[in-house]
Amino acid sequence: MDVLYFAWMRERIGRSSEQVDTTGMTTARDLVEYLKGQGRGYELAFEKMHAVRVAIDQEVATLDSPIGHAREIAFFPPVTGG
Amino acid sequence: MDVLYFAWMRERIGRSSEQVDTTGMTTARDLVEYLKGQGRGYELAFEKMHAVRVAIDQEVATLDSPIGHAREIAFFPPVTGG
Amino acid sequence: MFSVTVQSADFDVAAETKALTIANTQIGAVASFIGLVRGSEDSVRSMELEHYPGMTERALEAILAQAQTRWPLDAARIVHRFGRLEPGEQIVLVLTASRHREAALEACAFIMDYLKTQAPFWKKEDGPEGARWVDARESDESATDRWSD
Amino acid sequence: MFSVTVQSADFDVAAETKALTIANTQIGAVASFIGLVRGSEDSVRSMELEHYPGMTERALEAILAQAQTRWPLDAARIVHRFGRLEPGEQIVLVLTASRHREAALEACAFIMDYLKTQAPFWKKEDGPEGARWVDARESDESATDRWSD
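Chains as they are written, first to last, in my numbering: chain F, 4 to 85; chain H, 4 to 85; chain B, 3 to 151; chain G, 3 to 151.
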């Protein structure tokens with residue numbers, strides 16, 4: 004699965020995307036729990052979960068959304084465009 | 004006093020402005036009553052008084068507004084700009 | 003920063019926007035409204051816009067002054083054309099600039115609503131059955147009323 | 003008639019307006035909103051706008067589709083820039099065209115409100131104390147809420 008990061012989450016993690024094997028994971032939350040164990044940068048990126056937004060296959064989703072058939076999942080802070 | 008007419012009031016009266024001696028007149032309504040006696044065009048122009056708007060010295064006014072110190076009085080239908 | 007122009011010539015919204023905002027980098031939002039002549043061969047073929055020189059400018063300036071008392075505007079502008087116009091041509095431009103978008107957007111709507119009922123312009127449309135003066139719309143009066151409080 | 007573009011280049015509101023309206027003389031009203039970079043030497047010296055290519059376009063198209071279900075629009079367009087921008091530069095353009103002004107103006111406000119909370123853009127401002135990511139505003143969330151009914 005392609006996992007994407009944007010804005011300060013990308014900066015904290017130190018990369019904009021990566022491939023993750025999501026075998027055995029059901030929801031976006033499972034993926035977050037796994038990522039948080041991947042180092043200090045990930046821990047910081049997912050420190051404040053109320054500020055984390057999720058998109059599954061480029062559609063807004065929640066942490067409880069299933070990720071089974073997804074090709075791409077993105078994590079980012081609240082948007083500030085316009 | 005300069006009296007001005009716009010849009011279909013101007014067309015019915017057949018002129019866009021004229022000088023009128025308003026001696027003895029108190030309000031815009033007095034002027035209208037005088038003008039209605041000036042011929043068929045004036046009669047038609049002032050036929051539907053609910054559709055007549057008045058401006059005194061380029062400010063919106065009413066038929067009961069005093070015209071004593073005015074230099075210019077205008078009659079026109081409801082506006083349709085924009 | 004707050005100005006009105008009544009002209010027969012066309013206007014360029016990009017140039018007007020730039021002129022309005024170039025001196026002030028605290029402006030974050032510009033709202034605009036452009037009115038266009040609607041028409042076709044079967045309906046309106048052209049339009050003649052008459053106005054009351056002198057009073058028109060005063061009325062438009064009064065509307066901008068009212069908008070300034072209601073919203074924190076940095077700048078605003080009205081350009082209104084008169085004379086003969088064809089379908090698709092621009093009639094009126096309202097531009098409002100503010101730090102924040104709510105003020106700019108609301109003030110723009112307010113100015114248009116007031117312009118429709120307060121500015122001395124009259125439209126005469128020319129169509130397949132000849133020329134006729136456009137009737138004032140009841141809904142324009144009620145649109146103005148929604149701002150009174 | 004309904005389109006979105008995400009680009010690093012600047013845009014010209016006059017050219018965009020013309021392109022949106024030229025084929026349809028039933029359009030009587032065009033509303034627009036332009037967002038500008040606010041700043042100065044003491045505050046924001048420049049800004050970097052990041053976005054999520056692919057999702058951004060989908061999100062903006064979804065907002066236009068929602069606006070179409072609410073108002074009788076003839077055309078609408080969103081242009082949003084990304085990359086580095088200086089104070090005074092244009093960030094975003096929303097254009098809405100309709101037969102009547104109420105629809106155009108309200109839809110323009112609606113699209114901006116939704117864009118602020120739905121489109122995946124993130125601003126990083128560079129100022130005298132270095133660079134910082136802009137925080138999302140609580141008031142933007144409530145601005146979106148006002149349209150739910």
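Cβ coordinates follow ideal geometry from the N, Cα and C atoms, glycine included.
Fair warning: this is a prediction, and the values are worked out from it, not measured in the lab.
- In the three-state DSSP reduction, aspartate 60 (chain F) falls in the coil class, being neither helix nor strand.
- Along the stretch 57–79 of chain H, the positions whose C-beta sits under 8 Å from a C-beta of chain B are Ala58, Gln61, Glu62, Val63, Ala77, Phe79, read in chain order.
- Here isoleucine 29 (chain B) has Thr23, Asp76, Ala99 as same chain residues with Cβ atoms under 6 Å from its own Cβ, once five neighbours each way along the sequence are excluded.
- Glutamate 50 (chain B) has its alpha-carbon roughly 20 Å from the corresponding atom of valine 55 (chain H).
- With a cutoff of 8 Å on beta-carbon distance, alanine 48 (chain F) and valine 57 (chain F) are scored as not near each other.
- Ranked by Cα distance from serine 19 (chain F), the first of F:Glu46, F:Ala77, F:Lys51 is F:Ala77.
- Cα atoms of valine 81 (chain B) and threonine 71 (chain B): separation of roughly 21 Å, rounded to the nearest angstrom.
- In the three-state reduction of the DSSP assignment, methionine 57 (chain B) falls in the helix class.
- Inside the stretch 4–72 of chain H, DSSP marks whole alpha helix (DSSP H) runs of 4 or more residues at positions 10–16, 31–39, 43–48, from first to last along the chain.
- With contacts defined by Cβ atoms closer than 8 Å, methionine 114 (chain G) and phenylalanine 35 (chain G) form a contacting pair.
- Listed along the chain, the chain G residues whose CB falls inside 7 Å of the CB of alanine 31 (chain F) amount to none; the nearest CB is some 15 Å away.
- Nearest to glycine 84 (chain H) by C-alpha distance, out of B:Trp149, B:Ala106, B:Asp137, B:Val46, is B:Asp137.
- Assignment of beta-bridge partners to serine 34 (chain B) by DSSP yields B:Leu97, G:Ser34.
- Counting only runs of at least 4 residues, the stretch 125–149 of chain B fully encloses the following alpha helix (DSSP H) elements, listed from N- to C-terminal order: 140–147.
- Of the candidates H:Trp11, H:Val23, H:Val35, H:Val6, H:Trp11 places its Cα closest to the Cα of proline 81 (chain H).
- Taking arginine 103 (chain G) as the centre and dropping the five residues before and after it, the same chain places the C-beta of Ala31 closer than 7 Å to its C-beta, in chain order.
- Chain G places no beta carbon closer than 8 Å to that of valine 55 (chain F), leaving this residue out of the contacts.
- At a cut-off of 8 Å, the C-beta of glycine 84 (chain F) has a neighbouring C-beta in chain G.
- Put simply, the CB of alanine 48 (chain H) is far from chain B, with every gap to its CB atoms at 8 Å or more.
- In this structure, DSSP gives valine 39 (chain B) a state outside helix and strand, which the three-state scheme calls coil.
- Closer than 8 Å to the CB of glycine 37 (chain B) there is at least one CB belonging to chain H.
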